[in-house]
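Written out below as structure tokens is the structure these notes cover.
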Amino acid sequence: MELLAAGRYQGLLGGQMVTLIDAHAPGLVVKSDVARRQLDAERVVVAPDPGPLPGAFAEGGSGTTTGATGVIEPGLTPSPHPQPAAAKPKRFHGTAVLDATRVGRDAGRIAEEVIAHLAGLVGTRVTVTIEVEAEIPAGASDHVVRTVTENCRTLKFTSQGFEKE
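Take the sequence shown: its letters are residues 12 to 176, numbered as in this note's numbering.
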């Protein structure tokens with residue numbers, strides 16, 4: 012990544028999954044101290060004041076304490092009703108129907124755009140299950156049944172089978 016004359020990296024991203032097309036392309040190495048300062052400077056949180064935050068302070072007290080802004084403010088005391096932090100999602104599940112003629116492409120996109128983000132979280136256990144269903148109006152020949160059954164066994168399918176309706 013090119014360090015511009017202003018001491019900033021153009022297109023700098025941090026703390027998120029990034030797909031690299033060419034791992035040997037120039038621009039993948041940055042100076043950590045410069046990048047950290049830039050990311051910190053660009054981190055702007057604009058949100059309406061939701062009222063007292065957990066551990067925030069209410070007006071009317073006596074004494075000098077640290078307010079929600081981190082600045083020592085006179086006349087603030089701990090709020091009697093701090094709000095609990097919102098619970099974060101602990102599980103994910105998703106189902107997608109893939110085009111049978113483009114399974115490799117579609118599964119690859121799912122791997123890059125969904126599974127990689129989940130698997131990148133520390134301590135996360137990700138399980139991917141592929142389910143195949145086929146309705147064969149004319150029926151499957153003995154050759155196809157044998158080939159598919161042997162391939163499923165070789166690929167360690169946990170369950171598989173043909174049905175006669």
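In this text, a Cβ means the ideal position worked out from N, Cα and C, and glycines have one as well.
TODO: Determine the contact status of Val-125 and Gly-105, defining contact as a CB-CB distance below 9 Å.
DONE: On the sequence shown, position 114 is the one that residue 125 refers to. On the sequence shown, position 94 is the one that residue 105 refers to. Cβ atoms of Val-125 and Gly-105: closer than 9 Å.
Task: Endpoints, alpha helix (DSSP H) assigned at Arg-157 - done: What you label residue 157 is simply residue 146 of the sequence shown in a count that begins at 1. Arg-157 -> alpha helix (DSSP H) spans 153 to 165.
TODO: On a CA-only basis, which of Phe-103, Leu-132, Val-139, Val-133 is nearest Gly-119? Give me that one, please.
DONE: Here residue 119 refers to the residue found at position 108 of the sequence shown. Ranking Phe-103, Leu-132, Val-139, Val-133 by Cα distance to Gly-119 puts Val-139 first.
- [ ] Write down the C-beta distance between Val-156 and Phe-173 rounded to the nearest angstrom, noting that I regard them as a contact closer than 8 Å.
- [x] As a working note, residue 156 is residue 145 in the sequence shown. As a working note, residue 173 is residue 162 in the sequence shown. Correct: roughly 6 Å between the Cβ atoms.
TODO: Can you say whether Gln-49 is buried or exposed, counting buried as having 16 or more other CB atoms within 10 angstroms of its CB?
DONE: Numbered from 1 along the sequence shown, position 38 holds the residue referred to as residue 49. Buried, because 16 or more other Cβ atoms sit within 10 Å of the Cβ of Gln-49.
- [ ] Tell me where the alpha helix (DSSP H) around Gly-115 begins and ends.
- [x] If you number the sequence shown from 1, residue 115 lands on position 104. Start and end: 114 to 121.
Open item on the list: Suppose contacts are defined by Cβ-Cβ distances below 9 Å. Is Gly-22 in contact with Val-45 by that definition?
Closed with: Locating residue 22 in the sequence shown gives position 11, where the first residue counts as 1. Locating residue 45 in the sequence shown gives position 34, where the first residue counts as 1. It is not a contact, given that the beta carbons lie outside the stated cut-off.
Open item on the list: Could you compute how far the alpha carbon of Lys-42 sits from the alpha carbon of Tyr-20?
Closed with: Here the question's residue 42 lines up with position 31 in the sequence shown. Here the question's residue 20 lines up with position 9 in the sequence shown. Their Cα atoms are separated by approximately 10 Å.
Open item on the list: Using C-beta distances below 7 Å, list every residue in its chain close to Ile-121, excluding the 5 sequence neighbours before and after it, in chain order.
Closed with: What you label residue 121 is simply residue 110 of the sequence shown in a count that begins at 1. Cβ neighbours of Ile-121 beyond the five flanking positions: Ala-107.
Task: Segment limits, alpha helix (DSSP H) that includes Val-45 - done: Your numbering for residue 45 matches position 34 in the sequence shown. Start and end: 43 to 53.
Open item on the list: Taking the alpha carbon of Phe-103 as the reference point, which residue from Glu-144, Leu-132, Ser-152, Gln-171 has its own alpha carbon closest?
Closed with: If you number the sequence shown from 1, residue 103 lands on position 92. Taking only the C-alpha atoms, the option nearest Phe-103 is Leu-132.
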